Amino acid sequence: MASEGKKALTSLTAEQDKWSVYSSTRSTVSGKQPLTKEEMDKMTRYFHATLYLCLGMLYLKENPLLREPLKKEHFKPRLLGHWGSDPGQSFTYIHFNRMIKKYDLDAFVVSGPGHGAPGLISNFYLEGVYSETYPNKSEDVEGLQRFFKQFSFPGGIGSHMTPETPGSLHEGGELGYSLSHAFGAVYDHPQTIALTIVGDGESETGPLATSWHSNKFLNPVTDGAVLPVLHLNGYKINNPTILARISEDELTKLMEGYGWTPYVVAGSNLEEMHQAMAATVEKCVQEILGYQKEARETGKVFRPRWPMIILRSPKGWTAPRKVEGHYLEGFWRAHQIPLPKVLTDPEQMKTLESWMRSYQPEKLFDENGKLIPELRALAPDGNKRMSANPITNGGLIRKPLKMEKFQNWALKVDKPGVTSAPSMANFGDFLTQIVRDNPTNFRVMGPDETESNKLSAIYKASKKVWVNGYLPEDEDGGNLEPQGRVMEMLSEHTVEGWLEGYILSGRHGMLNSYEPFIHIIDSMVNQHAKWIEKCLEVSWRQQISSLNILLTSTVWRQDHNGFTHQDPGFLDVVANKSPEVVRIYLPPDGNCLLSVMNHCFKSSNYVNVIVADKQLHLQYLDIEEAVAHCTKGIGIWDWASNSQGAEPDLIMASCGDVIRFVNVVDLFKLMPNGYHPHGLTAREYAALFTTDRPCIFAFHSYPWLVHRLTYQREGQQKMHVRGYKEKGNIDTPLELAIRNETDRFSLAIAAIDNLKDVLGNKGAGAREKFADMMIRAKNYAYEIGTPDYCSSKPYGLIIDYHGAGGNPTQQWNNSQYYTYQRSEDYVVVYPQGYDKHWQGPSYATEGVDDLRFTSDLLAHMESEYCIDSSRVYASGKSNGGGFVDLLACSDAGDAFAAFAMASAALYTDTSLDSCTKRRAILESHGDQDTTIPYHPQEPGSGGELPDVGDWVEWWGERDCGFSAKAEIVVDAAGEVTTYSCHSWKDVVTHYHLKTLDHCWPDAQGDNYDAVNSTHDCKATQVLDFTSKALDFFARWSLVDAPENT
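Numbered according to the numbering used here, the sequence shown spans residues 26 to 1070.
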């Protein structure tokens, strides 16, 4: 027995030389040295440049090129992100770039381990696409600093391949979908190759395991190709990966069993790995192009054994092998932040600096901070760059579906509720036309249920795609063909992934499934909804076709299959998603189903879930009535009612100084006792929550669930639940809570609002203070990163006021102070005006004293933060700008050193005598402003307005006396008027812009006004007003402000 035990133990270590990347370099393609010494040197330096950027993204917010020794203040206060898979992904990307240039390929990249995003984003930046997409992340020192700081930082981007990343159509945050997304994107894109990096952790998921079979559905004549690179770096977060520790023979046979031709590249010696990878990638590309050439020249479809690569490289490649006596490179410790103690451990900081300098950034980037030309030349140009491929922003190439009028398939309904008809089968006839008329940009996906779901009529137009073995009996109703438009595989994950990839890359489609088993893809739909929601916030992302999910075989008609097939809960999952991106439709009959599906197929940027049974059903509405009903979404059916002209008796519908704190451990206690054995009786529930008092309930999950559990509880209408509402971003914990109204301030405000009967208006002051504290916390997160309520360095303070009807977020995105490095010397506050207005115009709420509010806000900031009281400034746009002028003319303004306004609504300053103060004033105004005209001919919406030119003269006279003379400089953008006197140079500065409408000028053209305003703000790029404001503020403090000198 002992010998048997020893033998078993030996077998578990038998292939250590192959599992370890530190043994000799191995390659299936052997004996080739395709790279010259010069090419290899350039590729190595380019590789090092990308890895330097990876570390910069993980650690730095300042000193991006290490042109001074690293200091603690150069680091982000909270280190987030992943290093482990970055080198392998970058290595793969660089080698495929060589193939793109050599063979003029059309390609894009999919990152399965999307948490290793720095490995690819670094390449996207170096090849110029990132800077073209985000001009403020320019290819220079300042742009690189912004590029580093934004990564995994509040107000920046997430640590995956997020929608903000050009070149990405797959985030990779939730693992398992890389291959199915890649295949979906290359179907009907015959010239495209999807380079797909599959993580070895991801390879352990069920969805990824089934998606290897996608090659049985790839037509080499009409589709593109996928080149999977299974990246074995050996470890997950804290465990070895399975595929990295099975024998290499077993691993290659596994891939061969899936129908692939695997090529191994393994090792850690960079020069040897370069040669091996270059030869292997080229071998794979040649095979792909050869298979496609053969199929397309002969017109005969066959299933190649497509190539794939097994890349075995160290986790965290090029990191120190050991740190403090423990393994780092090639071990699980390299997975996330490789040196996590740099903020507190000087030795780790030295180690990191030495490591980063080992890449020799001074030899990779020129004096301006741009990658040197000889390395830049390694990347392809234009849209040949994988990060610029239009497929990854599918809306750019999306074409509308060709659709006939759905009314042509209307069911005849002479009298409602009398005639039965097959609603789903009738829709199948309509669907047949769509399939027939859109042969290259519409597909129907499903897990083997198209026939069962009564949609088999579509086989008249196109059959099921099948690039696999055939038998004679398939001719008897098998409905198979290599060119089919229907795709079925008994893996909901894979078909959902295909559909997502297909629509993300600019096409249209639909998934049909049994209602009970759609739960299998709950999480996938969740991730797609999150992707769409973030895309709505990214101005350059074009809208894609909606994800249409048709659910049939519904719960009420599953009596024959029983309990296991009865689950309508997918709607609960979808209902929890952001209302901006999800839609649920339950059409009651065939004509409504036609109307709904027509709408869904034409829609974009939604997840549409349609529930409709497949059996024979009564029909209620003719086609005109159905269209009207579906357009309204809800309505009374008069034919089924008898309440015409009368009050109905019954509605039938389908489809405060004493506080008690209650903590709930067992959630099901909330349910009535008769519905759950743990539920409280009515008496027990009332003893805790009462039946007539408001309850503010802070909940861990989605708030609607508490309402469901307490449904029909006495007093339930007084239950106010706060929970996660699908509002997320790169946040501090407090900011995330504020977004979802679960923070302490929001809860306190909710309590005050629900105690009006007790408090009256006594809580108004406290309510306002809590609102201010919320804004302060959000702004601090955007500016600093993580809360640090004490600082040895005093900061200047800017209070920035939004326009009428606006909000702090809009103004934050208008002024964008956070994008300027010199703004880090300030804390910027974005207050919310009462009822979205500021004091001054006639439309402002009467009795609201915003001057007092500003003084209180300033006092609070100075008491809570290290604020330099001599450097306090105000800025604002429109109504907010007008309030800044009112503030300048008030005693409250004595605490401010300077004032900046854009498109100011000057309702309170209509004559020279309106104001007696002397102030440093900066203002910009457009000649095309239709809201606050430069030369108004009639009163505005808030009262009389001055001529802006006169107003500028008044400020010149107020500061410099009646003999003040203006200096006017004219350029292509307009006029710059300045007044100087005493020691005050340009104490009044005014930009009169010829082409500007009612906007905050922004040089990049990407602020809120430029992207969202109803005004023509395209001309905002004539002036960077935020930069001018920061320059103006820097010249003034209370010591030398006009009123005080």
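Glycine included, each C-beta is placed from N, C-alpha and C at the ideal position.
This one's a predicted model, so the numbers in the text were calculated from it and none came from an experiment.
My guess is that His1023 and Thr935 are in contact by the Cβ rule of under 8 Å, so how many angstroms apart are they, rounded? The pair is not a contact, with the Cβ atoms about 19 Å apart (cut-off 8 Å).
Between Asn623 and Phe467, which are expected to be in contact by the criterion C-beta below 8 Å, what is the C-beta distance as a whole number of angstroms? Their Cβ separation, rounded to whole angstroms, is 14 Å, which puts Asn623 and Phe467 out of contact at 8 Å.
Where does Ile823 land, buried or exposed, given buried means 16+ other C-beta within 10 angstroms? buried
Report back the beta-carbon spacing between Leu204 and Pro253 to the nearest angstrom; my notes put them in contact at under 8 Å. Beta-carbon to beta-carbon, Leu204 and Pro253 are separated by about 6 Å, close enough to satisfy the 8 Å threshold.
Looking only at C-alpha atoms, which of Tyr843, Lys752 and Phe770 sits nearest to Glu1074? Outside the shown range of the chain (26 to 1070) lies residue 1074, about which nothing can therefore be said.
By DSSP, does Ile957 sit in helix, in strand, or in coil? coil
Selected residue, minimal CA-CA separation from Ile313, among His73, Trp331 and Pro386: Trp331
Rank Glu152, Ala651, Pro961 and Ser36 by C-alpha distance to the C-alpha of Val438 and give the top, closest one. Ala651
By the 10 Å Cβ neighbour count, where 16 or more other Cβ atoms means buried, how is Leu496 classified, buried or exposed? exposed
Neighbour-count burial assignment, Gln962, 16 or more Cβ in a 10 Å radius: exposed
For Pro365 and Asp111, I'd like the C-alpha separation in whole angstroms. 17 Å
Uninterrupted beta strand (DSSP E) stretches inside the stretch 416-457 (no shorter than 3 residues): 445-447
Near Phe1058, what residues of its chain come up, given a Cβ to Cβ distance below 6 Å and the 5 sequence neighbours on each side ignored? Answer for Phe1058: Tyr898 and Ala923, listed in chain order.
In angstroms with no decimal places, state the Cα-to-Cα distance between Phe242 and Ser928. Approximately 58 Å, taken between the alpha carbons.
Does DSSP classify His238 as helix, strand or coil? helix
Note the first and the last residue of the continuous beta strand (DSSP E) segment covering Lys1010. Taken as a continuous stretch (DSSP letters only), the beta strand (DSSP E) holding Lys1010 covers Trp1009 to Leu1018.
In the stretch 715-759, which residue ranges form an unbroken alpha helix (DSSP H) of at least 4 residues, counting only runs that do not cross its ends? You should have 729-734.
Could you tell me the alpha carbon to alpha carbon distance between Cys815 and Leu426, rounded to whole angstroms? Its pLDDT being 43, under 50, Cys815 is placed unreliably in this model, and the coordinates cannot settle the point.
DSSP bridge partner residues for Val135 (one or two, in chain order): Thr221
Taking the DSSP output, what are the residues bridged to Arg608? Asn633
How should Asp782 be labelled, buried or exposed, when 16 other C-beta atoms within 10 angstroms of its C-beta is the threshold for buried? Around the C-beta of Asp782, fewer than 16 other C-beta atoms lie within 10 Å, and the residue is accordingly described as exposed.
Return yes when the Cβ of Leu576 is within less than 8 Å of the Cβ of Ala517, no when it is not. According to the sequence as given, residue 517 is Glu; it is not Ala. No, they are not a contact pair.
To the nearest angstrom, report how far apart Ala913 and Ser939 are at their CA atoms. 11 Å
Sequence-distant residues of its chain with Cβ nearer than 8 Å to Leu643 (five each side left out): Gly442, Val443, Thr444, Ser445 and Asp614
Can you have a look at Val995 and say buried or exposed, based on whether 16 or more other CB atoms are within 10 angstroms of its CB? exposed
Exposed or buried, Ser239, counting other C-beta atoms within 10 Å across all chains shown (16 or more means buried)? Taking all protein chains shown into account, Ser239 has 16 or more neighbouring C-beta atoms within 10 Å of its C-beta and is therefore buried.
In the DSSP output, which residue or residues are listed as bridge partners for His256? Gly224 and Leu336
Close beta carbons around Glu506, own chain, < 8 Å, minus the five adjacent residues each side: Ser487, Lys488, Lys489, Val490 and Trp491
Looking at Ala207: is its Cβ nearer than 8 Å to the Cβ of Val135? Judged by their CB atoms, Ala207 and Val135 are nearer to each other than the 8 Å cut-off.
Return yes when the Cβ of Ser412 is within less than 8 Å of the Cβ of Gly198, no when it is not. By the CB criterion at 8 Å, Gly198 and Ser412 fall outside the cutoff.
Tell me whether the beta-carbon of Leu641 lies closer than 8 Å to the beta-carbon of Pro447. yes
Which term fits Thr266, buried or exposed, when burial requires 16 or more other beta carbons within 10 angstroms of its beta carbon? buried
Member of Asp638, Arg337 and His960 whose CA lies at the smallest distance from the CA of Gly453: With distances taken between Cα atoms, Gly453 lies closest to Asp638.
Nearest-angstrom Cα separation, counted from Ser36 out to Thr277: 19 Å
Same chain, Cβ closer than 7 Å to Cys985, five either side skipped, listed in chain order: Tyr1004 and Cys1006
Apart from the five residues just before and just after Pro1026, which ones in its own chain have a Cβ nearer than 6 Å to its Cβ? Only Ser949, Thr1045, Leu1048 and Phe1050 meet the Cβ criterion.
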